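The structure appears right after this line, and notes come after that.
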Amino acid sequence: MSDSTDEVRSYTVRLELVDEPGELLRALEPIATSGGNLLSIFHERGNVTPRGHIPVEVDLEATPERFDGIVDALRDAGINVIQAGAEQYSEALTIILTGHLVNTDLSDTLSRIHESTDATVTDLSLSAPGGTDDASSARIRLATEEGAVDEAMRSIRTVADEKGLHVIEPLAAGGDA
Amino acid sequence: MRLAVIGAGAVGSAVVELASDHGHSVTAFADSSSAVIDSAGIDTAAVLDRKRTDGVVGSDAPEDALSAEYDVLVEATPTTLGDAEPGFSHVQAALERDRHAVLANKGPVAERYADVRALERESEGSVLFEATVGGAMPILSTIDDFDPSHITAVRGVLNGTANFILSRMATEGLDYEHVLAEAQDLGVAEADPTFDVDGTDAALKGVIIANVLSDDETEYTLDDAEVEGIQEISGSALELARADGRTVRLIAEVVEGSVRVGPRLVPDNAPLAVSGTRNIAQLETEHAGQLNISGRGAGGPETASAVLADIGRL
Numbered sequence: 001m002s003d004s005t006d007e008v009r010s011y012t013v014r015l016e017l018v019d020e021p022g023e024l025l026r027a028l029e030p031i032a033t034s035g036g037n038l039l040s041i042f043h044e045r046g047n048v049t050p051r052g053h054i055p056v057e058v059d060l061e062a063t064p065e066r067f068d069g070i071v072d073a074l075r076d077a078g079i080n081v082i083q084a085g086a087e088q089y090s091e092a093l094t095i096i097l098t099g100h101l102v103n104t105d106l107s108d109t110l111s112r113i114h115e116s117t118d119a120t121v122t123d124l125s126l127s128a129p130g131g132t133d134d135a136s137s138a139r140i141r142l143a144t145e146e147g148a149v150d151e152a153m154r155s156i157r158t159v160a161d162e163k164g165l166h167v168i169e170p171l172a173a174g175g176d177a
Numbered sequence: 001m002r003l004a005v006i007g008a009g010a011v012g013s014a015v016v017e018l019a020s021d022h023g024h025s026v027t028a029f030a031d032s033s034s035a036v037i038d039s040a041g042i043d044t045a046a047v048l049d050r051k052r053t054d055g056v057v058g059s060d061a062p063e064d065a066l067s068a069e070y071d072v073l074v075e076a077t078p079t080t081l082g083d084a085e086p087g088f089s090h091v092q093a094a095l096e097r098d099r100h101a102v103l104a105n106k107g108p109v110a111e112r113y114a115d116v117r118a119l120e121r122e123s124e125g126s127v128l129f130e131a132t133v134g135g136a137m138p139i140l141s142t143i144d145d146f147d148p149s150h151i152t153a154v155r156g157v158l159n160g161t162a163n164f165i166l167s168r169m170a171t172e173g174l175d176y177e178h179v180l181a182e183a184q185d186l187g188v189a190e191a192d193p194t195f196d197v198d199g200t201d202a203a204l205k206g207v208i209i210a211n212v213l214s215d216d217e218t219e220y221t222l223d224d225a226e227v228e229g230i231q232e233i234s235g236s237a238l239e240l241a242r243a244d245g246r247t248v249r250l251i252a253e254v255v256e257g258s259v260r261v262g263p264r265l266v267p268d269n270a271p272l273a274v275s276g277t278r279n280i281a282q283l284e285t286e287h288a289g290q291l292n293i294s295g296r297g298a299g300g301p302e303t304a305s306a307v308l309a310d311i312g313r314l
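Residue numbers (full-length UniProt numbering), protein chains in the order written: chain F, 1 to 177; chain H, 1 to 314.
Below you can see the structure in the form of structure tokens.
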């Protein structure tokens, strides 16, 4: 028997940073000191919000309890957390695609997933031990809006079906199991 | 209790062997071609010996076991799909005589659950089938204790063969075909492992759980389950999962009236990522969070223990 609140989940947090030196480091510190495990940082340089801030997307892993602490710590440090209202956390989603990924145009697969789901591909790892003409596997991390994971999975399944690819889905939203 | 054990495979034989240890006697025991009947109780050791050496349990006709004197009929013949025969008729024969039926055979409760329940309503006898899901693990009785209406979802690893193959592929970096051959050498996988690796066996268990959870409102059969096996899982997919702190397990998931079986990504350290032939069921309860039950999901004495636990509940 175990309690689900002990389990580590993955989260994506969207931040807006002031365009000044040291701001990114200042934003990441509260995550590390509050027990979060940083997975990736997507720094959208050149993409400025209407308020002149720079959007940054951070993937991290933490227990739900620690995650709440991280969001609080970010706010306490004066970091602008744009997607962290109770319902507005976006969700990170990891899938593995297998099959003839390269022959079926991997970049087309990714852009179709992106177009049809509103999900952002935040990380991609490809393994093609038999060369590009053989079956290969890709691990893809996506960020979606809260509550949009089911819809994203449906679209991914449709794209995969059309291309004869195989999807290994996560057990539940947010990497919980 | 006096038991009539139908089916003399690993489970049926283990029930016969362990019955006296649980205070029961066996008055009839049948395999597919023969039976032995003794209202005073058969000599279990001698009969099991005969089964091993001669391949038969006795000199009576197998159907005579159904009309023998007994309190509980133990249905332990191989699982069949569709009409679930002959297991279904065996259960029917017991209930029509107002006797109890305890099943290790998944067919009747996975494919004809409503028919079994209808027969039970007309009978003084009861039907229990803990052994059909998760071997020795008390999954169905736990659901029953909590009441099905307080269980919102069940997820689990319910096939030890598939789990052995996946966990071995992941730890050794070997390919599916290689590990399957090894599993067959070890006796973990059968010569024909189709039902284990294509997800059918796990799906039947998921369907049985769905039937129990729906509390007789909706009947589920294998056709209602979405099933995918592990044959397409490659070593490179497991490698990618591992690099991300995850692994792949064949998960049966019963939630909101749907039954789904397929390979899923789970965190490496999650309770569901059991290794080897171990099974686990995770119950999502309405008021008490998650409840994990793990243990041996197959095997003669293990499954027979669940049968004998059911007999104790009657």
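Every residue gets a Cβ at the ideal spot worked out from N, C-alpha and C, and that includes glycine.
As the structure is a computational prediction, the values presented were derived from the model and not from experiment.
When the Cα atoms are used, what is the spatial distance from residue i to residue j?
i: proline 64 (chain F); j: threonine 12 (chain F); result: 13 Å
i: methionine 169 (chain H); j: isoleucine 311 (chain H); result: 39 Å
i: glycine 78 (chain F); j: aspartate 147 (chain H); result: 49 Å
i: leucine 283 (chain H); j: glutamate 130 (chain H); result: 15 Å
i: arginine 50 (chain H); j: threonine 94 (chain F); result: 55 Å
i: alanine 14 (chain H); j: valine 91 (chain H); result: 20 Å
i: leucine 272 (chain H); j: alanine 10 (chain H); result: 27 Å
i: valine 261 (chain H); j: alanine 27 (chain F); result: 41 Å
i: glutamate 302 (chain H); j: aspartate 133 (chain F); result: 46 Å
i: leucine 204 (chain H); j: isoleucine 233 (chain H); result: 21 Å
i: histidine 24 (chain H); j: glycine 107 (chain H); result: 26 Å
i: glutamate 122 (chain H); j: isoleucine 42 (chain H); result: 31 Å
i: glycine 187 (chain H); j: valine 154 (chain H); result: 29 Å
i: alanine 32 (chain F); j: alanine 62 (chain F); result: 10 Å
i: alanine 86 (chain F); j: glutamate 145 (chain F); result: At alanine 86 (chain F) the pLDDT is 36, less than 50, meaning the model places this residue with poor confidence; the figure from the coordinates comes in the next sentence. Answer to the nearest angstrom: the Cα atoms are 13 Å apart.
i: valine 157 (chain H); j: valine 48 (chain F); result: 47 Å
i: methionine 1 (chain H); j: aspartate 38 (chain H); result: 14 Å
Tell me, which residues are paired with residue i by DSSP?
i: asparagine 111 (chain H); result: Note on residue identity: the sequence assigns glutamate, not asparagine, to residue 111 (chain H). Bridge partners of glutamate 111 (chain H): none, in fact.
i: glutamate 232 (chain H); result: Partner(s): none; glutamate 232 (chain H) has no beta bridge.
i: proline 263 (chain H); result: H:Leu250
i: valine 36 (chain H); result: H:Phe29
i: asparagine 47 (chain F); result: Per DSSP, none; premise fails for asparagine 47 (chain F).
i: histidine 100 (chain H); result: H:Val72
i: isoleucine 95 (chain F); result: F:Ile140
i: aspartate 60 (chain H); result: H:Ala35
i: proline 55 (chain F); result: F:Glu16
i: threonine 63 (chain F); result: Answer is none; threonine 63 (chain F) lacks a bridge partner.
i: isoleucine 280 (chain H); result: H:Val157, H:Ser294
i: serine 127 (chain F); result: F:Ser137
i: valine 227 (chain H); result: H:Val261
i: threonine 285 (chain H); result: H:Ile151, H:Gly289
By DSSP, does residue i sit in helix, in strand, or in coil?
i: glutamate 169 (chain F); result: strand
i: glycine 300 (chain H); result: helix
i: leucine 140 (chain H); result: helix
i: threonine 122 (chain F); result: strand
i: residue 319 (chain H); result: Chain H is shown from 1 up to 314; residue 319 (chain H) falls before or after that span and cannot be answered.
i: histidine 24 (chain H); result: coil
i: leucine 138 (chain F); result: First, the residue type needs correcting, since residue 138 (chain F) is alanine and not leucine in the sequence shown. Strand, per DSSP.
i: serine 275 (chain H); result: coil
i: valine 133 (chain H); result: coil
i: asparagine 80 (chain F); result: strand
i: serine 305 (chain H); result: helix
i: proline 78 (chain H); result: coil
i: aspartate 196 (chain H); result: helix
i: serine 126 (chain H); result: coil
i: isoleucine 41 (chain F); result: strand
i: isoleucine 42 (chain H); result: coil
i: glutamine 88 (chain F); result: Note on glutamine 88 (chain F): pLDDT 43, under 50, position unreliable in the model; the coordinate value appears next. If DSSP states are grouped into helix, strand and coil, glutamine 88 (chain F) belongs with coil.
i: tyrosine 220 (chain H); result: coil
i: residue 183 (chain F); result: Shown here, chain F extends from 1 to 177; a query on residue 183 (chain F) therefore has no answer.
i: threonine 152 (chain H); result: strand
i: leucine 3 (chain H); result: strand
i: alanine 181 (chain H); result: helix
With 8 Å as the threshold, decide whether the Cβ of residue i is near any Cβ in chain C.
i: isoleucine 96 (chain F); result: The structure shown has no chain C; the protein chains it does contain are F and H.
Along the region 99-132 of chain F, what residues have a CB closer than 7 Å to any CB found in chain H? Ser125, Ser127, Pro129
Could you list the residues in the region 158-173 of chain F with a C-beta less than 7 Å from some C-beta on chain H, going in chain order? His166, Ile168, Glu169, Pro170, Leu171
Looking at C-beta atoms only, is the number of pairs between the region 155-171 of chain F and the region 99-109 of chain F that lie closer than 8 Å three or more? yes
Counting Cβ pairs closer than 8 Å, one from the region 160-179 of chain H and one from the region 188-197 of chain H, do we hit at least three? yes
Which residues of the region 246-280 of chain H have a Cβ closer than 9 Å to any Cβ of chain F? Give them in chain order. Arg246, Val248, Arg249, Ile251, Glu253, Gly262, Pro263, Arg264, Leu265, Val266, Pro267, Asn269, Ala270, Pro271, Leu272, Ala273
Should the region 18-32 of chain H be regarded as contacting the region 115-125 of chain F, the criterion being three or more beta carbon pairs within less than 8 Å? no
Do the region 93-106 of chain H and the region 176-196 of chain H make contact, defined as three or more Cβ pairs closer than 8 Å? no
The region 30-40 of chain H touching the region 57-70 of chain H, judged by at least three CB pairs closer than 8 Å: yes
What residues from the region 231-246 of chain H come within 9 Å of chain F, judged by C-beta to C-beta, listed N to C? Glu232, Ile233, Ser234, Gly235, Ser236, Ala237, Leu238, Glu239, Leu240, Ala241, Ala243, Asp244, Gly245, Arg246
Would you call the region 289-297 of chain H and the region 169-181 of chain H in contact, with 3 or more CB pairs under 8 Å? no
Do the region 111-119 of chain H and the region 137-146 of chain H make contact, defined as three or more Cβ pairs closer than 8 Å? no
For the region 147-169 of chain H, which residues have a beta carbon sitting closer than 8 Å to at least one beta carbon of chain F? Arg155
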